Amino acid sequence: MISINNLSVNFGGFDLFKDITFLITSKDRIGLVGKNGAGKSTILKIIHGSDEPSKGTVAMPKDISLGYLPQQMKHASDSTVKAETDKAFIELNDLEKRIEQVNIEITERTDYESNEYIDLINQLTHYNERIELIGAANREALIEQTLKGLGFETKDFDRSTTEFSGGWRMRIELAKILLQKPDVLLLDEPTNHLDIESIQWLEDFLRKYHGAVVMVSHDRTFLDNITKRTIEISLGKIYDYKAPYTKYLKLREERIIQQKAAFENQQKIIQDTERFIERFRYQATKAVQVQSRVKQLAKLERIEIDETDHSSVNFRFPDAPRSGAISVEAEMLTKNFGDLIVFKDIDLIIERGEKVALIGKNGEGKSTLSRIIIGEHDYSGSLKIGHNVHIGYYAQNQDELLNKNKTVFETLDDIAVGDVRKSLRSILGSFLFSGETVDKKVEILSGGERSRLALAKLLLEPYNLLVLDEPTNHLDIRSKEILKRALLQYNGTLIVVSHDRDFLDGLTDKLYEFRNKKIKEYRGNIFDFLEKRKLKNLKDIERKSEKKSSEQIKKPTSKKLTYLENKEFERNKRKIANRIKRVEEVINKLELEIAEADNLLSQGIGADGQEFYKNYENKKVKLEQEMQKWENLQLELEQFEKHG
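Position one of the sequence shown corresponds to residue 0 (numbering that gives the first Met the number 0), numbered consecutively onward.
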């Protein structure tokens, strides 16, 4: 479908990647992985057409549609959430105009067997299929379903988009892209602004998606649940594996082991051959054999071991000074912004050394509570910070709060005091800033580099309570693993807001779920909690179903049907069922005839003039009518059984 051919990107003499080639097919689920700055986002931009490569081409059919979600974008619209999302269907207007134009051209032409005429018919078929795929008939329902899946509530639909944060507006853009149903989805960190529930909804959506999906993500669980193919970008080259992320890691390790074994075996053969040549080089009786061995060596294809990029963040937090037994205690804590109540009358206790996760939908108050703890927000109720508790804070938008005009080194040097100033370069080196990179301006750093710099600031002094709000956004998988390892070794208290399930797995021992303006405490693992939450949701559905069923069972007992009424009911029910059966037979027949006609058209044969195409279009119209009839009959049968 899309062919990437010998693609190279060069920045001032530095090759980001060189001569990479791969193919994206129609049903692919591809995860692009690699460390921050490897070129993953650049590849997506080049495929989309918003960036140009230094060399190479991207080839794709002219009628292919792409949906691209960048990591960051400008939001100019001030329309309502629903009105903005409805713009996803703007393609419908264009398709309808194209169909009208093609129909005019078809009626005006008489060259029924020409390639141009067949092309017009194929265009018409494609446009009609796109309209059906987009789901124009269910427009309102699709908008509501998608917005709710991504975390919006019905009351949000008529609010202006300007009332929402950048993260929520990115969700609107994602909703628009999903509703457009392009042939290929290009998603750059789509989970960065989603909560766990929205991520799970998006996973289900993408698993069933009709087209190809190519995405950059540092969420290991998300990658494993969706992708079936992993393309790693490392040191300017790519490695293509037909496997999701976790399986790719094992395959990659096996490949390197096999390469090393083959390399060592070949080196032994080369050494033995060279010794033979050197030993018998000047003996006339061995001249033929020596020349044969020389030619063998010249022809030998040398095995190379693929270089591995071992560069990664490597640090540990300073030992935490001892604090009181209780780090944070809240009683009847309430926070509201004007008339908006964020949470009300919540109680919690976080003890020294505990590692606690704050989870729940975005907008339920997780970040707000973090800011209350560090003293940025006022509140009502009681909040006590424990004795000798010294708080280090990482904000969700910490990378945006950095001074863009300062260099990497200046960012730390301006706030460092005492002996730690002597260790600044060492600290920066552990976060992959060394040499000339420490003199880079913050404004030219990638999102991942800014996040690493913000984390480095936390090492400037020993804190015994770390409050981290979405610390893994923009970090690559390897950097997240190092951060997680450092936090596991950290001997202070940790409060972390995160939607990254793999990051939280094994890190925290207590969860506070924010829901409906309250919080609920859970002990144990994040995946255990999600399983319980899923089961609870299923039980809620079952209870509703049981209630509905019991009401339906009770209904006939209050008004028992007589024998004659039962007989009449069954007779009428059979009538509807028979009508459905007859319509289904017509549908099957029409589908077969249309499929045969499509086959003939694709081969450029079987077209016997205008009558052929007229019959072909009539059958498609008839099929649509019969499908509508079938839906109406099914609805009639459901209503009949419900009230029978």
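Ideal Cβ placement from N, Cα and C applies to all residues, glycine included. Because the structure is a prediction, the values reported are computed rather than measured.
Please state the DSSP three-state secondary structure of Leu-65. In the sequence shown, counting from the first residue as 1, residue 65 sits at position 66. If DSSP states are grouped into helix, strand and coil, Leu-65 belongs with the strands.
Determine the burial state of Asn-645: buried for a count of at least 16 other Cβ atoms within 10 Å of its Cβ, exposed for fewer. Past the edges of the chain, shown from 0 to 643, lies residue 645, and the structure says nothing about it.
Cβ-based neighbour list, Arg-451, same chain, cut-off 8 Å, excluding 5 preceding and 5 following: Position 452 of the sequence shown holds residue 451. Answer for Arg-451: Asn-35, Val-312, Phe-430, Leu-431, Phe-432, Leu-474 and Ser-478, listed in chain order.
Contact set for Gln-397: own chain, Cβ-Cβ below 6 Å, skip 5 residues either direction: Here the question's residue 397 lines up with position 398 in the sequence shown. Only Ala-453 meet the Cβ criterion.
Could you tell me the alpha carbon to alpha carbon distance between Lys-554 and Phe-528, rounded to whole angstroms? Here the question's residue 554 lines up with position 555 in the sequence shown. Here the question's residue 528 lines up with position 529 in the sequence shown. Note that Lys-554 has pLDDT 43, beneath the 50 cutoff, so the model's placement of it is unreliable and no number is given.
Taking 8 Å as the threshold (C-beta atoms), are Asp-346 and Glu-330 in contact? As a working note, residue 330 is residue 331 in the sequence shown. As a working note, residue 346 is residue 347 in the sequence shown. Yes.
Counting only the same chain and skipping the five closest in sequence on each side, list residues whose C-beta sits under 7 Å from that of Lys-547. The residue you call residue 547 lines up with position 548 of the sequence shown. Low local confidence applies: a pLDDT of 49 at Lys-547 is under 50, so the model's placement there is unreliable, with the coordinate-based value given in what follows. In the same chain as Lys-547, and ignoring 5 residues on each side of it, no C-beta atom comes closer than 7 Å to its own.
Ordered list of beta strand (DSSP E) runs contained in the stretch 207–269, each at least 3 residues: Uninterrupted beta strand (DSSP E) stretches at least 3 residues long and entirely within the stretch 207–269 occur at 211–215, 228–233 and 236–240, given in chain order.
Between the alpha carbons of Ser-7 and Lys-54, how many angstroms are there, rounded? Here residue 7 corresponds to residue number 8 of the sequence shown, with the count starting at 1. Here residue 54 corresponds to residue number 55 of the sequence shown, with the count starting at 1. Near 5 Å, if we compare the C-alpha coordinates of Lys-54 and Ser-7.
If contacts are defined as beta-carbon pairs under 8 Å, then Leu-184 and Gly-148 qualify, I think. What distance do you get, rounded to the angstrom? The count along the sequence shown starts at 1 and reaches residue 184 at position 185. The count along the sequence shown starts at 1 and reaches residue 148 at position 149. Not quite, the Cβ-Cβ distance comes to about 15 Å (not below 8 Å), so this is no contact.
List the DSSP bridge partners of Lys-54. Within the sequence shown, residue 54 is the residue found at index 55, counting from 1. Residue pairing by DSSP places Lys-54 opposite Ser-7 in a beta bridge.
With a threshold of 6 Å on Cβ separation, who are the neighbours of Leu-31 within its own chain once the five nearest residues in sequence on each side are excluded? Start at 1 with the first residue of the sequence shown, and residue 31 comes out as number 32. Counting only Cβ-Cβ distances below 6 Å, and skipping sequence neighbours, we find Lys-39, Val-215 and Ile-230.
What are the start and end residues of each continuous beta strand (DSSP E) run of 3 or more residues lying completely inside the stretch 383–410, in chain order? Within the stretch 383–410, the complete beta strand (DSSP E) runs of at least 3 residues are 390–393.
Measure the beta-carbon distance from Leu-339 to Val-496 and round it to whole angstroms, keeping in mind my assumption that it falls under 8 Å. Locating residue 339 in the sequence shown gives position 340, counting from the first residue. Locating residue 496 in the sequence shown gives position 497, counting from the first residue. Between Val-496 and Leu-339 the Cβ distance is about 19 Å, and since that is not below 8 Å, they are no contact.
When you compare only the Cα positions, how much space is there between Ile-19 and Ala-58? On the sequence shown, position 20 is the one that residue 19 refers to. On the sequence shown, position 59 is the one that residue 58 refers to. Roughly 14 Å separates the two Cα atoms.
From the DSSP output, which residues share a beta bridge with Asn-335? Here residue 335 corresponds to residue number 336 of the sequence shown, with the count starting at 1. DSSP output for Asn-335 lists Ile-340 as bridge partner(s).
Who does Thr-513 pair with in a DSSP beta bridge? Counting from 1 along the sequence shown, the entry for residue 513 is found at position 514. Residue identity check: residue 513 is Phe in the sequence provided, not Thr. According to DSSP, residue pairing for Phe-513 in a beta bridge involves Gly-359 and Ile-518.
Would the beta-carbon of Val-466 fall within 8 Å of that of Ile-372? Locating residue 466 in the sequence shown gives position 467, counting from the first residue. Locating residue 372 in the sequence shown gives position 373, counting from the first residue. Cβ distance < 8 Å, so Val-466 and Ile-372 count as in contact.
Can you check which of these residues, Gln-638, Ala-594, Pro-189 and His-386, is closest to Leu-622 by C-alpha distance? Taking the first residue of the sequence shown as position 1, residue 622 is located at position 623. Looking only at Gln-638, Ala-594, Pro-189 and His-386, the smallest Cα-Cα distance to Leu-622 is reached by Ala-594.
Residue nearest to Lys-334 in terms of C-alpha spacing, selected from Leu-146, Asn-4, Asp-155 and Asp-344: As a first step, residue 334 must be located in the sequence shown, where it is residue number 335. Residue Asp-344 is the option with its Cα nearest to Lys-334.
Spatially closest choice to Ile-325 from Glu-350, Gly-428, Ile-269 and Asp-194, by CA coordinates: Counted from its first residue, the sequence shown places residue 325 at position 326. It is Glu-350.
Does the pairing of the stretch 61–80 with the stretch 146–163 give three or more beta-carbon distances under 8 Å? Three or more Cβ pairs closer than 8 Å define a contact, and the stretch 61–80 meets that threshold against the stretch 146–163.
Looking at the strands, I want to know which residues DSSP matches up with Asp-27. Here residue 27 refers to the residue found at position 28 of the sequence shown. Answer is none; Asp-27 lacks a bridge partner.
Tell me whether Ile-349 sits in a helix, a strand or coil according to DSSP, three-state version. Counted from its first residue, the sequence shown places residue 349 at position 350. In this structure, Ile-349 counts as strand in the three-state DSSP scheme.
Is the stretch 352–368 touching the stretch 512–522 in the sense that three or more CB pairs, one from each, lie closer than 8 Å? Contact between the stretch 512–522 and the stretch 352–368 is established, with three or more Cβ pairs separated by less than 8 Å.
Through-space distance from Asp-468 to Lys-619, alpha-carbon basis: Position 620 of the sequence shown holds residue 619. Position 469 of the sequence shown holds residue 468. Cα to Cα, Lys-619 sits roughly 55 Å from Asp-468.
Does DSSP put Phe-430 in a helix, in a strand, or in coil? Here residue 430 refers to the residue found at position 431 of the sequence shown. Of the three classes helix, strand and coil, the one that applies to Phe-430 here is coil, per DSSP.
Tell me whether the stretch 231–243 and the stretch 273–285 touch, counting them as touching only if at least three CB pairs, one residue from each stretch, are closer than 8 Å. Below 8 Å, too few C-beta pairs join the stretch 231–243 and the stretch 273–285 to call them touching: fewer than three.
CB contact flag (Ile-29, Thr-245, <8 Å): Start at 1 with the first residue of the sequence shown, and residue 29 comes out as number 30. Start at 1 with the first residue of the sequence shown, and residue 245 comes out as number 246. Not in contact: Ile-29 and Thr-245 (Cβ atoms no closer than 8 Å).
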